[in-house]
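All the letters of the sequence shown, read from the start, carry residue numbers -1 to 147 under this note's numbering.
Working notes, structure below.
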Amino acid sequence: MNKNAMLYIVDDDDSMLYSLEWFFTSMNIAVKVYNNANDFLKYYNPDDQGCLISDVRMPGMDGFELLNKLKAQKSQLKIIFMTAFGEIPLAIRAIKAGAVDFITKPFNKKGLLELVQKCLQHHSNNLIDKENLLSEQELKALESLWKEK
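Here it is as C-alpha coordinates:
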(Lines of atoms letter the chains of each structure in order from A and count residues from 1; the text may use other names and numbers.)
(Lines give C-alpha, C1' and ligand atoms only; values in the text may rest on other atoms or scores of the structure.)
Protein backbone atom coordinates (compact mmCIF):
# COMPACT_ATOMS: atom_id res chain seq x y z
CA MET A 1 0.00 0.00 0.00
CA ASN A 2 1.25 3.48 -0.78
CA LYS A 3 2.66 5.04 2.37
CA ASN A 4 1.48 8.52 1.36
CA ALA A 5 -2.16 7.44 1.18
CA MET A 6 -3.96 7.63 4.49
CA LEU A 7 -7.19 6.11 5.74
CA TYR A 8 -9.28 8.58 7.73
CA ILE A 9 -12.24 7.46 9.84
CA VAL A 10 -14.89 9.83 11.20
CA ASP A 11 -17.54 8.41 13.53
CA ASP A 12 -19.16 9.69 16.72
CA ASP A 13 -19.36 6.12 18.08
CA ASP A 14 -16.05 5.69 19.93
CA SER A 15 -16.28 1.90 20.11
CA MET A 16 -16.77 1.67 16.33
CA LEU A 17 -14.03 4.22 15.72
CA TYR A 18 -11.39 2.47 17.78
CA SER A 19 -12.42 -0.99 16.61
CA LEU A 20 -11.88 0.11 13.00
CA GLU A 21 -8.62 1.84 13.91
CA TRP A 22 -7.30 -1.34 15.51
CA PHE A 23 -8.48 -3.50 12.60
CA PHE A 24 -6.91 -1.39 9.84
CA THR A 25 -3.71 -0.80 11.80
CA SER A 26 -3.39 -4.58 12.21
CA MET A 27 -3.66 -4.79 8.40
CA ASN A 28 -0.71 -2.36 8.04
CA ILE A 29 -2.86 0.52 6.83
CA ALA A 30 -2.05 3.99 8.15
CA VAL A 31 -5.12 5.34 9.96
CA LYS A 32 -6.18 8.61 11.57
CA VAL A 33 -9.45 8.71 13.51
CA TYR A 34 -11.75 11.57 14.49
CA ASN A 35 -14.97 11.47 16.50
CA ASN A 36 -16.54 14.36 14.61
CA ALA A 37 -16.35 16.02 11.21
CA ASN A 38 -15.21 19.39 12.55
CA ASP A 39 -12.11 17.88 14.17
CA PHE A 40 -11.32 16.03 10.96
CA LEU A 41 -11.56 19.24 8.91
CA LYS A 42 -9.34 21.08 11.40
CA TYR A 43 -6.47 18.68 10.78
CA TYR A 44 -7.10 17.52 7.20
CA ASN A 45 -5.00 19.01 4.41
CA PRO A 46 -6.86 19.01 1.06
CA ASP A 47 -3.63 17.92 -0.65
CA ASP A 48 -3.61 14.71 1.43
CA GLN A 49 -4.60 11.61 -0.49
CA GLY A 50 -6.36 8.45 0.55
CA CYS A 51 -9.71 7.23 1.70
CA LEU A 52 -12.29 8.47 4.19
CA ILE A 53 -14.79 6.27 5.99
CA SER A 54 -17.45 8.52 7.48
CA ASP A 55 -20.58 7.88 9.44
CA VAL A 56 -23.59 9.52 7.79
CA ARG A 57 -25.50 10.58 10.89
CA MET A 58 -23.41 12.44 13.44
CA PRO A 59 -24.15 15.35 15.77
CA GLY A 60 -23.04 18.72 14.48
CA MET A 61 -21.89 18.17 10.91
CA ASP A 62 -23.25 15.05 9.20
CA GLY A 63 -21.47 13.01 6.54
CA PHE A 64 -23.13 14.82 3.64
CA GLU A 65 -22.08 18.23 4.94
CA LEU A 66 -18.56 16.88 5.35
CA LEU A 67 -18.58 15.56 1.78
CA ASN A 68 -19.72 18.96 0.47
CA LYS A 69 -16.96 20.76 2.38
CA LEU A 70 -14.37 18.33 0.99
CA LYS A 71 -15.68 18.89 -2.54
CA ALA A 72 -15.39 22.67 -2.02
CA GLN A 73 -11.74 22.11 -1.04
CA LYS A 74 -11.19 20.04 -4.22
CA SER A 75 -10.29 17.02 -2.08
CA GLN A 76 -9.37 13.83 -3.93
CA LEU A 77 -10.31 11.55 -1.02
CA LYS A 78 -12.38 8.50 -1.88
CA ILE A 79 -15.32 8.52 0.51
CA ILE A 80 -17.12 5.50 1.94
CA PHE A 81 -20.24 6.24 3.95
CA MET A 82 -21.34 3.94 6.74
CA THR A 83 -24.51 4.03 8.77
CA ALA A 84 -26.68 1.96 11.06
CA PHE A 85 -29.64 3.09 8.96
CA GLY A 86 -29.57 1.17 5.69
CA GLU A 87 -32.24 3.12 3.86
CA ILE A 88 -32.15 2.82 0.07
CA PRO A 89 -32.88 6.54 -0.58
CA LEU A 90 -29.97 7.45 1.72
CA ALA A 91 -27.65 5.09 -0.14
CA ILE A 92 -28.70 6.55 -3.49
CA ARG A 93 -28.17 10.07 -2.18
CA ALA A 94 -24.67 9.12 -0.97
CA ILE A 95 -23.59 7.67 -4.30
CA LYS A 96 -25.06 10.61 -6.24
CA ALA A 97 -23.22 12.99 -3.90
CA GLY A 98 -19.92 11.35 -4.80
CA ALA A 99 -19.30 8.57 -2.28
CA VAL A 100 -17.65 5.47 -3.73
CA ASP A 101 -19.75 3.18 -1.54
CA PHE A 102 -22.36 3.04 1.20
CA ILE A 103 -22.21 0.32 3.84
CA THR A 104 -24.52 -0.51 6.72
CA LYS A 105 -23.50 -1.41 10.25
CA PRO A 106 -22.78 -4.11 11.16
CA PHE A 107 -20.65 -4.83 8.11
CA ASN A 108 -18.27 -7.49 6.93
CA LYS A 109 -14.75 -6.32 7.84
CA LYS A 110 -13.16 -8.36 5.06
CA GLY A 111 -15.38 -6.67 2.48
CA LEU A 112 -14.61 -3.25 3.97
CA LEU A 113 -10.89 -4.03 3.93
CA GLU A 114 -11.07 -4.91 0.22
CA LEU A 115 -12.98 -1.70 -0.49
CA VAL A 116 -10.44 0.43 1.41
CA GLN A 117 -7.53 -1.30 -0.31
CA LYS A 118 -9.16 -0.61 -3.68
CA CYS A 119 -9.56 3.09 -2.80
CA LEU A 120 -5.98 3.38 -1.59
CA GLN A 121 -4.72 1.50 -4.65
CA HIS A 122 -6.58 3.99 -6.85
CA HIS A 123 -4.50 6.72 -5.19
CA SER A 124 -1.30 4.76 -5.87
CA ASN A 125 -2.26 4.27 -9.51
CA ASN A 126 -2.91 8.00 -9.89
CA LEU A 127 0.56 8.75 -8.53
CA ILE A 128 2.14 6.28 -10.94
CA ASP A 129 0.22 7.85 -13.84
CA LYS A 130 1.43 11.33 -12.80
CA GLU A 131 5.02 10.08 -12.53
CA ASN A 132 4.78 8.53 -15.99
CA LEU A 133 3.28 11.72 -17.39
CA LEU A 134 6.19 13.74 -16.04
CA SER A 135 8.62 11.27 -17.53
CA GLU A 136 6.92 11.56 -20.94
CA GLN A 137 7.04 15.36 -20.74
CA GLU A 138 10.70 15.27 -19.80
CA LEU A 139 11.39 12.90 -22.69
CA LYS A 140 9.64 15.23 -25.15
CA ALA A 141 11.65 18.19 -23.85
CA LEU A 142 14.89 16.26 -24.28
CA GLU A 143 13.90 15.18 -27.80
CA SER A 144 13.09 18.78 -28.65
CA LEU A 145 16.49 19.94 -27.39
CA TRP A 146 18.21 17.15 -29.31
CA LYS A 147 16.46 18.08 -32.57
CA GLU A 148 17.49 21.73 -32.19
CA LYS A 149 21.18 20.77 -32.22
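A virtual CB, placed ideally from N, CA and C, is assigned to each residue, including glycine.
Just measuring C-alpha positions, the residue of Leu113, Ser73 and Ile77 sitting nearest Asp45 is Ser73. Spatial neighbours of Phe100 in its own chain (CB-CB distance under 6 Å, excluding positions within 5 residues in sequence) are listed in chain order as Phe79, Ala89 and Ala92. The three-state reading of DSSP puts Ile78 in strand, counting E and B together. Bounds of the beta strand (DSSP E) holding Ile101 are Asp99 to Thr102. Inclusion of Ala35 and Leu64 in the CB contact set at 8 Å is warranted, their separation being smaller than that value. Lys40 counts as exposed, since fewer than 16 other C-beta atoms from the protein chains shown sit within 10 angstroms of its C-beta.
Sequence-distant Cβ neighbours of Met56 in its own chain, meaning closer than 8 Å and more than five residues away, are Val8, Asp9, Asp10, Asn34 and Ala35.
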